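J.: Pasting a structure below so you can have a look.
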Amino acid sequence: MPIPVGSSYEEGEFNLKQLLLIARRRAVLIAAVAVAVTGMSAYNALTQTSEYQGSFRLLVEPVTTDNQLDALTNDRQAGQKSGLDYLTQIEVLRSPALLRPIIRQIQTQYPDVNYGTLVGQLTVTQPKDTKILDVRYQDPDPQKVKFVLDQLAQGYLKYSQQERQSNLRQGVEFVGNQLPTLRQRVDSLQRQLQTFRQSNNFIDPESQSSQVNTQLSSLEQQRLEIQKQLAETQTQYSNLQGETGAVAALSGSQPYQQLLGQMRDLDAKIATESVRFQDGNPAMESLQEQKQKLMPLIRQEARRVLGGKLAEVDNQLSLLEVRQREVAKAENYWNQQLKRLPVTARQYTDLQRELKVATESLNRFLETRENLQVQAAQKKCRGN
């Protein structure tokens, strides 16, 4: 009876068919070669011809690295069924390309073994509802059964290690090919965000909303203050055109008050001298002449004072009206900003979200590449 065959076997991430689909990165790990009982059975009891059969099992599981690569390519593989194609894997294990190196090792002791005789006595099946492949070989010679199964287990293990190393390299290459595009995407979004902020004088939605409301509140206070000043100045202008306002304005003019004082002094002298002299008296005529000369000066000074005051108030009115228009223009601008705020805030949020997604995607690819490189290096060291 053959001695039970046992070995450890790790399958690569990709089978032959799946190597064409690097983006899927679904792979298998032949985590262990479980030993099945190698039994002896008699297939032809009547002729007493003994036929021996041995077997081992390959445990097939997903690999952590594959899950990482799947996460990177989920969008591209949406709706596709994941998992190992067991039928294809069985064909790979029975393929001439894989079995030829193993057959050369078998032929060192059994030169009569060739590909045809080997696959004719070799069966690889998948037990129902399992992730296991069952490898069986039968021959009348129990020692040959053991030797062939040993060589098959070693060959499958070597194939698995080589395939996994190759798949890890392909994984690094795949991720590396994606990185330039991802970096360009991140850079492009960063530039778009910077341009958006500059063109819209935009920091972030919260700050922008606070800035707009602060500006509108300040402008409202300015508008109310200007309206108050305009009302007061317009009243002052109207008053200057009336007697009460004119008197008030002239009372504040020192030159006018001096001239007015001189007129009062002349009037007082004329009143005093009229008691002593007749109207035709030269002294009286001199006083009257001085009075006649002083009156135009008083009127001229009054016009000058009132005109200057009116001009000053009128200028104040003009300045207040200019400020009123500027404030109204500014209020209109900030009201437009307030109306546009939901749109610009949404555009900013969309850009921020796209940049965040792109950055996270780039970081995932960088992390995955690093993990793949570490695993490839570890595999290479173990292989050496």
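With the first letter of the sequence shown counted as 1, position 14 gets the number 15 in my numbering; the numbers rise by one all the way through. In this text, a Cβ means the ideal position worked out from N, Cα and C, and glycines have one as well. Computed from a predicted structure; not experimentally measured.
Distance check for R370 and L169, CA to CA, integer angstroms please.
T.: Each residue's alpha carbon lies about 10 angstroms from the other.
J.: Express the C-alpha separation of Q162 and Q155 in angstroms, rounding to a whole number.
T.: The straight-line gap from Cα to Cα measures roughly 11 angstroms.
J.: Is the distance from the Cβ of V120 to the Cβ of G55 below 8 angstroms?
T.: No, the Cβ-Cβ distance between V120 and G55 is not below 8 angstroms.
J.: Express the C-alpha separation of V173 and Y138 in angstroms, rounding to a whole number.
T.: Each residue's Cα considered, the two are about 38 angstroms apart.
J.: In chain order, which alpha helix (DSSP H) runs of at least 4 residues are fully inside the region 210–275?
T.: Entirely contained in the region 210–275, the alpha helix (DSSP H) runs reaching 4 residues are, in chain order, 244–252.
J.: Spatial neighbours of E368 within its chain, please: C-beta separation below 6 angstroms, excluding the five flanking residues on both sides.
T.: Taken in chain order, the list of residues that qualify is empty.
J.: Run through the region 84–172 for me and flag every whole alpha helix (DSSP H) of 4 or more residues, listed as ranges in chain order.
T.: You should have 87–94, 97–107, 116–122.
J.: Closest to S51 by C-alpha separation, out of P143, L59, R101, would be which residue?
T.: If we check each option's Cα against that of S51, P143 comes out closest.
J.: For Y53 and D140, which I take to be in contact (beta-carbon distance under 8 angstroms), what is that distance rounded to the nearest angstrom?
T.: At roughly 6 angstroms, the Cβ-Cβ gap stays under 8 angstroms, so Y53 and D140 are in contact.
J.: Alpha carbon to alpha carbon, how far is T245 from E322?
T.: If you take the alpha carbons of T245 and E322, they lie about 26 angstroms apart.
J.: Would you be able to state if there are at least three C-beta pairs under 8 angstroms between the region 88–98 and the region 120–136?
T.: Cβ pair count under 8 angstroms is three or more, so yes.
J.: Please report the straight-line C-alpha distance between G309 and L288, rounded to a whole angstrom.
T.: Distance between the alpha carbons of G309 and L288 is about 31 angstroms.
J.: If you pair each beta-carbon of the region 321–338 with each one of the region 214–228, do three or more pairs fall below 8 angstroms?
T.: At 8 angstroms Cβ cutoff, the stretches touch.
J.: Measuring alpha carbon to alpha carbon, tell me which of D151, M264, L241, A284 ends up nearest L295.
T.: Of the listed residues, the one whose Cα sits closest to L295 is M264.
J.: Can you tell me whether DSSP reads D205 as helix, strand or coil?
T.: DSSP places D205 in coil when its eight states are reduced to three.
J.: Is any beta-carbon of chain B found at less than 8 angstroms from that of Q106?
T.: Included in the structure is just one protein chain, with no chain B present.
J.: Given Q374, which residues of its chain have a CB within under 7 angstroms of its CB, disregarding the five upstream and five downstream residues?
T.: Result list for Q374: V173, in chain order.
J.: Examine the Cβ distances between the region 201–218 and the region 338–351 and report whether three or more of them are shorter than 8 angstroms.
T.: Touching, yes.
J.: Candidates R105, T182, Q108: which alpha carbon is nearest S362's?
T.: Nearest C-alpha to S362: T182.
J.: State the DSSP-derived secondary structure class of N372, mapped to helix, strand or coil.
T.: Residue state, collapsed to three classes: helix.
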